[in-house]
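Novice: Below are the structure tokens for one structure; questions will follow.
Numbering (our numbering), first residue to last: 250 to 797.
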């Protein structure tokens, strides 16, 4: 006789069969059967203090492993609390599985306590959102959700399990998911694209997060070295080339008049490799269509995405880049003066000090330089969202691809602290540093308790200026958005953390070293002076291609 199990057990068994190892979440009455099944399984459940933070943790787990973790919530308010983190994973193309409990099937579609249409709620922010209305359907639903989460451009998926389905019995077994490799781009397509590149006098590469997701950083580096093509990256593509590489143009900025804007204006063709439309539109880097763009990525970019492309290559990014290298070799492009000036100007900017006072608030680029100098290849840095993110994206220089995580799709505030918890759980020897603005940190401050409870060694650096400065920078004639901050020292100690206050630029290297060597979570509060930094990083007023 075939052994039966509950729908909840079937769901957990299906996840375990797909090597899903971790569930982040907040349980509720409608998830009790699921929690019991998780407790009996090999999966680890991480109790969080807020569902949004659980989704952010699962998102960072997916970014770092390329495999989905689960975020779990109950019905109604628990599920709605997941929304920001799930949407963040989906727009950043990170694999994630959101699972929500739900009231019994007879209550679906009725006005009933805490009941809303969760399948509809998650549909716009996931690749797949599905109510599972039969225990026999559980294994197949999990398999299809997992497949969609990891294929094409990865993303978030959502499964809703009503409490009576979780308790019903089924004899269905986990369904295997055969994954096919990304297609190799056709030879004739690569021939045509190579011919277009060979006709250009000043081609350049713009590389994005897709390069990191496909593990194609090394093939892209080989292409740049073989052809001497320069490479700029998006925020989410940071680290594809190391900062001392002769072909790097570093990270593209957001404001008009950026250093790299000047390089783009000098180019006569852009090879956009693994660039997601969610980070920037084609018009942002093709001078409103005046510069031809060739896009390489896993899927066709829709015609309404704002890109004006001369060609698209779809399929495996590494294979496409390797194919182009063999077709372009031994062609090497000569130095373009504007490209060289851009690279040299960026290097000067990264080393230039702006903090003239021994004590007091510190210029953002000086904070970033200390962080860069302390980085080891095995470390991980996470940025929150706010004005500090723009400085981190431009001025923190990674030692390896993917070392600095900068959320830039949905760009939701509140990711860095919970993300650091997920990262610290995955690190064997590397240190984890989350960099938050004060507005950003306060959005998921409660997870300081989670980090202490898990006895994690991680560092959170909060840039303290008591304002929503990014909004003020974009609306200089508008109102100020100022607020008070708590006393960071008593706050940290109340959560069981260490705390250090930076009183000036000279103190920061030693404070960061001590924090990163501490065996427990540590908060460093750093007063920041964005005005000393010259405003937004990369604006015409602060960054010109000045001579040495």
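Built from N, CA and C at the ideal position, the CB exists for glycine as well. Computed from a predicted structure; not experimentally measured.
With the cut-off set at 7 Å, would you say residue 675 and residue 313 are in Cβ contact?
Specialist: yes
Novice: Using a threshold of 7 Å, state whether the C-beta atoms of residue 335 and residue 304 are closer than that.
Specialist: The Cβ atoms of residue 335 and residue 304 lie closer than 7 Å to each other.
Novice: Taking the alpha-carbon of residue 333 as reference, which of 468, 277, 405 and 669 has the nearest alpha-carbon?
Specialist: Of the listed residues, the one whose Cα sits closest to residue 333 is 405.
Novice: Going by the DSSP bridge assignment, what does residue 274 pair with across the sheet?
Specialist: 296 and 321
Novice: So, residue 479 versus residue 456, is the Cβ gap smaller than 7 Å?
Specialist: no
Novice: Taking the alpha-carbon positions, what's the residue 769 to residue 451 distance?
Specialist: 51 Å
Novice: Provide the residue span of the alpha helix (DSSP H) that contains residue 225, from first to last.
Specialist: Outside the displayed span of the chain (250 to 797) sits residue 225, for which this structure offers no information.
Novice: Distance check for residue 435 and residue 290, CA to CA, integer angstroms please.
Specialist: 44 Å
Novice: Along the alpha helix (DSSP H) that carries residue 473, what are the first and last residues, could you check?
Specialist: 466 to 476
Novice: How far does the alpha helix (DSSP H) with residue 573 in it extend, from its first residue to its last?
Specialist: 566 to 577
Novice: Would residue 566 pass as a contact of residue 458 if the rule is Cβ separation under 7 Å?
Specialist: no
Novice: With DSSP as the reference, identify every bridge partner of residue 686, one or two as the case may be.
Specialist: 712
Novice: Looking only at DSSP bridge pairs, what is residue 748 linked to?
Specialist: 772
Novice: Just to confirm the assignment: which complete alpha helix (DSSP H) runs, minimum length 4, are found wholly within the segment 600 to 647?
Specialist: 613 to 623 and 636 to 644
Novice: So the candidates are 602, 322 and 691; which of them puts its Cα closest to the Cα of residue 612?
Specialist: Of 602, 322 and 691, the residue nearest in Cα terms is 602.
Novice: Assuming residue 707 contacts residue 681 (C-beta within less than 8 Å), just tell me the rounded distance between them.
Specialist: 4 Å
Novice: For residue 365 and residue 323, what's the separation of their Cα atoms in angstroms?
Specialist: Roughly 12 Å between the two C-alpha positions.
Novice: Can you give me the C-alpha to C-alpha distance between residue 717 and residue 411, rounded to a whole angstrom?
Specialist: 41 Å
Novice: State the start and end residues of the unbroken beta strand (DSSP E) segment that holds residue 407.
Specialist: 405 to 411
Novice: Expressed to the nearest angstrom, what Euclidean distance is found between the alpha-carbon atoms of residue 790 and residue 272?
Specialist: Per-residue confidence for residue 790 stands at a pLDDT of 40, beneath the threshold of 50, marking its modelled position as unreliable; the derived number appears in the next sentence. One C-alpha to the other measures close to 47 Å.
Novice: With the cut-off set at 7 Å, would you say residue 349 and residue 409 are in Cβ contact?
Specialist: Result yes, Cβ atoms of residue 349 and residue 409 sit closer than 7 Å.
Novice: With DSSP collapsed to three states, give me the class of residue 732.
Specialist: coil
Novice: Determine the DSSP secondary structure at residue 351, reduced to helix, strand or coil.
Specialist: strand
Novice: In angstroms, rounded to a whole number, what distance separates the CA positions of residue 293 and residue 659?
Specialist: Taking C-alpha positions only, residue 293 is separated from residue 659 by approximately 28 Å.
Novice: Starting from the Cα of residue 730, find the closest Cα among 641, 474, 418 and 688 and give me that residue.
Specialist: 688
Novice: Kindly give me the distance between the Cβ atoms of residue 460 and residue 610, rounded to whole angstroms, as I take these residues to be in contact under 8 Å.
Specialist: The Cβ separation is near 36 Å, so there is no contact.
Novice: Tell me the rounded alpha-carbon separation between residue 401 and residue 652.
Specialist: 23 Å
Novice: Just verifying my parser: in three-state terms, what is the DSSP assignment at residue 378?
Specialist: strand
Novice: Following the continuous alpha helix (DSSP H) through residue 397, name the residue where it begins and the one where it ends.
Specialist: 387 to 399
Novice: Would you kindly report the start and end of the unbroken beta strand (DSSP E) that includes residue 452?
Specialist: Annotation for residue 452: the continuous beta strand (DSSP E) segment containing it runs 452 to 456.
Novice: Less than 7 Å separating the beta-carbons of residue 516 and residue 453?
Specialist: Yes, these two residues count as a Cβ contact at 7 Å.
Novice: Taking the alpha-carbon of residue 266 as reference, which of 425, 514 and 383 has the nearest alpha-carbon?
Specialist: A check of alpha carbon separations from residue 266 across 425, 514 and 383 identifies 425 as the nearest.
Novice: Going by DSSP, which residues form a beta bridge with residue 518?
Specialist: 452
Novice: Does the count of Cβ pairs from the segment 613 to 620 and the segment 467 to 479 closer than 8 Å reach three?
Specialist: The segment 613 to 620 vs the segment 467 to 479: no contact.
Novice: What is the DSSP secondary structure of residue 254, reduced to helix, strand or coil?
Specialist: strand
Novice: Under DSSP, the beta strand (DSSP E) around residue 499 begins and ends at which residues?
Specialist: 497 to 500
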